[in-house]
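Undergrad: Encoded as structure tokens, here's the structure I'll be asking about.
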Amino acid sequence: MSSPVFRQPRRRHLPALALAAALGGCAVGPDYHTPAAPTDARLTEAPLLGQTVSAATPGGTAQRLTVGRDIPGEWWTLFHSPQVTALVRQALAGNPTVTAAQATLREALQNVRAGQGALFPQLSASVQAQRQQASLAAFGLGSGTATFGLITGAVNVSYTLDAFGGIRRQIEQLNAQAEYQRYEVEATILTLAANVITTAINEASLQAQIDITNDIVRADNEALRLMQQRFQLGGVSQVEVLQQQSLLDAKVATLPDLRKQLQQTRNQLAVLLGGRPAGYTMPTLKLNDLTLPADLPVSLPSKLVEQRPDIRAYAALLHAAYTGVGIATANMLPQITLTGSLGREGTDLPNVFTPSGLVWSIASSLAQPIFEGGTLLARRRAAQAALEVAAAQYSDTVNVAFQNVADALVAIQRDAEALHAALAAEKTAAASLAMTLSQYEAGAGSYLAVLTAEQVEYSARLTLQMAQAARFTDTVALFQALGGGWWNRDDIDPKTAHCCGVLP
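Per mature numbering (1 follows the signal peptide of the UniProt record, and there is no 0), the sequence shown runs over residues -27 to -1, 1 to 477.
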């Protein structure tokens, strides 16, 4: 999207512009139009495959990519995990960022209400009673003093004629800001749900890596025990014992870092759920309890801008920037104000209600800025620059959104291939280890070959496990990149939003 460019109106044209606006009742400044949807034919550089490869292991389900498929509001239920669903719901109910986003929206809606009040006459009532002693000499009436009272009551009316739409532009800007907050709520909910699921999957992956390492450590401990027995009987050399000990120590050395990552991940999950680490007691998720969704949606490029809450939010900011130019333009034009007052006045309470006690006034005023040291012109130019900034930021947000989707789609395709390859590598490594052990026990191989095969098998098991976790996190990333189906949920009370024109 190209940045909007505006020409400065010449000052000699301002009177004509003011007259035309006053007669037509228009709102000065550029009108906002929803940016055109992208016309890209696809989301990725290369055409997408209709289905990923499969692997006969948990997380290895083949996934079908369906263009135009809708996204359910609670997309996390597609993993068919009661624990995942419970985690997300707990986070949405307890995380302070959601509470803050909802409260910020309510604040913005009330600001819209407050701004709408400027379209109506402003009424105020006043009552004043005073008692005063005056010197008669001041009026040439001799010496002495006189004491008198005055009671005044009036209703005052003031109305600013919005001839050039400055007030309407301000209300339009407040509405745009409220719309921005409305989509910030959706973006907050989407990000939180995705972070909770991804963090829970990472926790499960780390726990699985620890379990695999512990299995290998137990097997290596047993192998070391047998090796030491054979060494005492003269069946193996001390070098082979030290090699086994070194391998065992290397495995044990990896556990502290894995446990650190696991605990830090649980701490992060505790905060995402709205609590603190000390009170977190949720059991660790198991990847085998998750179901990888077999059917995945792929939105059309033209629909993506409607689905992504961050794009909708930046579109609202762009709208607000358009109105800023109108507001700055209206401030350079005449301001017309009508005022009136109706009341009673008298020296005492009985006199206030006599016919002679009635007082009233009516007035109009027109104020045209003439010279303010270039302030108003500079503010209009600043508003135009802010509009160009908002247009560029909107364009960048759209580009990044398309990148997010393309990255997720590529990851789903390639990580499915990686899992398929990792499974084959793990099977080969396990078979190689079994054969190497058999040869060594038969006296036909070296123990170094056994250690090498064991290390390869251990690495293959870890790689397989991480590849399984990646399939789930890739799916989460795709749902997040596509907008998360917020349009199929009721995160915000429609009555509250409709009251100020925030929702369509």
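Glycine included, C-beta positions come from ideal geometry on N, C-alpha and C. Just so it is clear, the structure is predicted and the values come from calculations on it, not from any experiment.
When we look at the beta-carbon of Arg86 and count the other beta-carbons within 10 Å, is it buried (16 or more) or exposed?
TA: With fewer than 16 other Cβ atoms within 10 Å, it is exposed.
Undergrad: How is Asn461 classed by DSSP in three states: helix, strand or coil?
TA: The answer is helix: DSSP assigns Asn461 an H, G or I state.
Undergrad: Tell me which same chain residues have a C-beta within less than 8 Å of the C-beta of Pro45, skipping the five on either side of it?
TA: Taken in chain order, the residues that qualify are Leu51, Gly458, Asn461.
Undergrad: Can you give the Cα-Cα distance for Ala433 and Ala398, rounded to whole angstroms?
TA: If I take the Cα positions, the gap works out to 6 Å.
Undergrad: Applying the criterion that 16 or more other CB atoms from any shown protein chain within 10 Å of the CB defines a buried residue, is Asp184 buried or exposed?
TA: Its Cβ having fewer than 16 others within 10 Å, Asp184 is exposed.
Undergrad: Just the Cα atoms here: how many angstroms apart are Ala(-6) and Gly139?
TA: Any reading at Ala(-6) must be qualified, since the residue scores a pLDDT of 44, below 50, and its modelled position is unreliable; the value itself is stated next. Taking the straight line joining both Cα atoms gives about 12 Å.
Undergrad: Take Val169 and list the residues in its own chain whose beta-carbon comes closer than 6 Å to its own, dropping the five residues that flank it on each side.
TA: Cβ within range, chain order: Leu60, Val61, Ala64, Leu245.
Undergrad: May I have a chain-ordered list of the alpha helix (DSSP H) segments no shorter than 4 residues that lie completely inside the segment 37 to 72?
TA: Taking only runs of at least 4 residues, the alpha helix (DSSP H) segments lying wholly in the segment 37 to 72 are 55 to 67.
Undergrad: May I have a chain-ordered list of the alpha helix (DSSP H) segments no shorter than 4 residues that lie completely inside the segment 320 to 371?
TA: Runs found: 322 to 325.
Undergrad: Look up Asn261 in the DSSP assignment and say whether it is helix, strand or coil.
TA: The answer is helix: DSSP assigns Asn261 an H, G or I state.
Undergrad: Is the Cβ-Cβ distance between Arg353 and Thr302 less than 7 Å?
TA: For Arg353 and Thr302, yes; Cβs fall inside 7 Å.
Undergrad: Going by beta carbon distance, what residues of the same chain come within less than 8 Å of Ala267, once the five residues before and after it are set aside?
TA: Same-chain partners within the cutoff: Thr34, Ala35, Gln36, Arg37.
Undergrad: Can you have a look at Pro328 and say buried or exposed, based on whether 16 or more other CB atoms are within 10 angstroms of its CB?
TA: Counting Cβ neighbours within 10 Å, Pro328 comes out exposed, since fewer than 16 surround it.
Undergrad: Would the segment 288 to 296 and the segment 145 to 154 be scored as touching if the rule is three or more Cβ pairs under 8 Å?
TA: The segment 288 to 296 vs the segment 145 to 154: in contact.
Undergrad: Since Arg104 is in the alpha helix (DSSP H), which residue starts that stretch and which ends it?
TA: It is not in any alpha helix (DSSP H) - Arg104 instead sits in the beta strand (DSSP E) that spans 95 to 108.
Undergrad: Sorted by chain position, which residues of the same chain lie with C-beta nearer than 8 Å to Gln143's C-beta, five sequence neighbours on each side aside?
TA: These residues qualify, in order along the chain: Gly88, Ala91, Thr296, Ile300.
Undergrad: Using alpha carbons as the reference points, say which of Ala426, Thr370, Ala454, Ala226 lies closest to Ile284.
TA: Answer by Cα proximity: Thr370.
Undergrad: Measuring CA to CA, which of Ala443, Ala356, Leu263, Gln182 is closest to Pro55?
TA: The candidate whose alpha carbon is nearest that of Pro55 is Leu263.
Undergrad: I need the straight-line Cα distance from Ala395 to Glu427, nearest angstrom please.
TA: Distance between the alpha carbons of Ala395 and Glu427 is about 16 Å.
Undergrad: What does the alpha-carbon distance come out to for the pair Trp48 and Leu265?
TA: Roughly 12 Å separates the two Cα atoms.
Undergrad: Is it the case that the Cβ atoms of Gly330 and Gly313 are separated by a distance below 7 Å?
TA: Result no, Cβ atoms of Gly330 and Gly313 do not sit closer than 7 Å.
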